[in-house]
Each structure stands twice: as structure tokens, then as C-alpha cells.
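Participant: Numbering of the sequence shown is given in my numbering, commencing with residue 5 and proceeding in unit increments.
Below you will find the structure I want to go over with you.
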Amino acid sequence: MPIKRHMVPGMREPVSHFCHVVQAGDTIWLSGMTGVADDKSIPESTVEQFDLAMAALDKALVAAGGSSSQIVKVQVFMTDISERELINPARIKYFGEHKPASTLVEVSGLVDPRMKVEIEAVAYIGA
Numbered sequence: 005m006p007i008k009r010h011m012v013p014g015m016r017e018p019v020s021h022f023c024h025v026v027q028a029g030d031t032i033w034l035s036g037m038t039g040v041a042d043d044k045s046i047p048e049s050t051v052e053q054f055d056l057a058m059a060a061l062d063k064a065l066v067a068a069g070g071s072s073s074q075i076v077k078v079q080v081f082m083t084d085i086s087e088r089e090l091i092n093p094a095r096i097k098y099f100g101e102h103k104p105a106s107t108l109v110e111v112s113g114l115v116d117p118r119m120k121v122e123i124e125a126v127a128y129i130g131a
């Protein structure tokens, strides 16, 4: 089965050499999504950034034919892990009863120093 690479229309152009989504067979890999608004602004709030990043992740997942219940692994990178509790309500709302494997890591910085959170995921769309 061929590997498919998706650049999702309407999504922010990558800042480096990658695409939004790669699909190989029944597995979808979603590149790291950050909290950048459509007007390219970056909110100061970690919660607002997380909400934007999750919306981008979902848009990319749906464009590749997946849904939130098919995410099997999520990785969240935060510049201040003490704000973890602030993003949990949005995680719970998005995933509901489907709880993916998860990793949360504090990092010293992201591609833009105003960014506070980045999310990547893997989904399985097989039977």
C-alpha cells in the first residue's frame, strides 16, 4: 500500500520540511500542531493555544479520513508543565471515553518563543 502525504488546505504552511499528515496503510501520523490562530496570531494563554492546536490536529485527522476515537497515541509538549491541569478539561472533552496512550513532556522551547504547547498524534483507522 502506498504512503500518502497530506497538506491540508487552509492549514498553516509548515515552518520546515514536513507535511501535516502521513498515512501508511491503516496508520495516520499527525505532525506537531501548535496554537496559532487563522490570522497567524499566537494567544498568550496556554489554554487558548491548546484549543487551537487541538482544532488543527482534528482538522488534519479528519482530512486524512480519521476521527478522534481512532487516535491511539498523543504526545503533548509544554514549555510549563505546571499548566497541565489547565488543558485537561479540553483533552477530556475531545477524547471522551476514548483514552489514547499519552506522553506529556516539558520542553525548554518550541519553534516560536511565544508558543507554549505542541501536540502530535498517531491514529489507527483499520477495523
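The beta carbon of each residue, even a glycine, is placed where N, CA and C say it ideally should be.
Here the structure is a predicted model, which is why all the values come from computation and not from measurement.
Report all residues from its chain with a CB closer than 7 Å to the CB of residue 57; omit the five preceding and five following residues, and keep chain order.
Facilitator: Indexing the sequence shown from 1 puts residue 57 at position 53. Cβ within range, chain order: 37, 38, 39, 121, 122 and 123.
Participant: By DSSP, does residue 58 sit in helix, in strand, or in coil?
Facilitator: Residue 58 sits at position 54 when you count from the first residue of the sequence shown. Note: residue 58 maps to helix in three-state DSSP.
Participant: Can you tell me whether DSSP reads residue 105 as helix, strand or coil?
Facilitator: Residue 105 sits at position 101 when you count from the first residue of the sequence shown. Correct three-state label for residue 105: strand.
Participant: Based on Cα-Cα distance, which residue from 128, 127 and 119 lies nearest to residue 41?
Facilitator: The residue you call residue 41 lines up with position 37 of the sequence shown. Nearest option by C-alpha distance: 119.
Participant: Suppose you measure from the CA of residue 50 to the CA of residue 81; what does that come to, to the nearest Å?
Facilitator: In the sequence shown, the residue the question calls residue 50 occupies position 46. In the sequence shown, the residue the question calls residue 81 occupies position 77. One C-alpha to the other measures close to 12 Å.
Participant: Name the residue from 12, 73 and 108 whose alpha carbon lies nearest to the alpha carbon of residue 127.
Facilitator: Taking the sequence shown and counting its residues from 1, one reaches residue 127 at position 123. Nearest C-alpha to residue 127: 73.
Participant: Taking DSSP's pairing of strands, which residues face residue 123 in a bridge?
Facilitator: Counting from one through the sequence shown, the residue named residue 123 turns up at place 119. BP columns for residue 123 point to 37 and 80.
Participant: Could you say which of 112, 30, 13 and 77 lies nearest to residue 103 if we only look at CA atoms?
Facilitator: Walking along the sequence shown from the start, residue 103 turns up at place 99. Measuring from the Cα of residue 103, the nearest candidate turns out to be 77.
Participant: Less than 8 Å separating the beta-carbons of residue 34 and residue 59?
Facilitator: For the purposes of this step, residue 34 is taken as residue 30 along the sequence shown, with counting starting at 1. For the purposes of this step, residue 59 is taken as residue 55 along the sequence shown, with counting starting at 1. Not in contact: residue 34 and residue 59 (Cβ atoms no closer than 8 Å).
Participant: When you compare only the Cα positions, how much space is there between residue 116 and residue 16?
Facilitator: Taking the first residue of the sequence shown as 1, we reach residue 116 at position 112. Taking the first residue of the sequence shown as 1, we reach residue 16 at position 12. For residue 116 and residue 16, the distance between alpha carbons rounds to 14 Å.
Participant: Nearest by alpha-carbon distance to residue 20: which of 131, 114 and 129 is it?
Facilitator: Walking along the sequence shown from the start, residue 20 turns up at place 16. Ranking 131, 114 and 129 by Cα distance to residue 20 puts 114 first.
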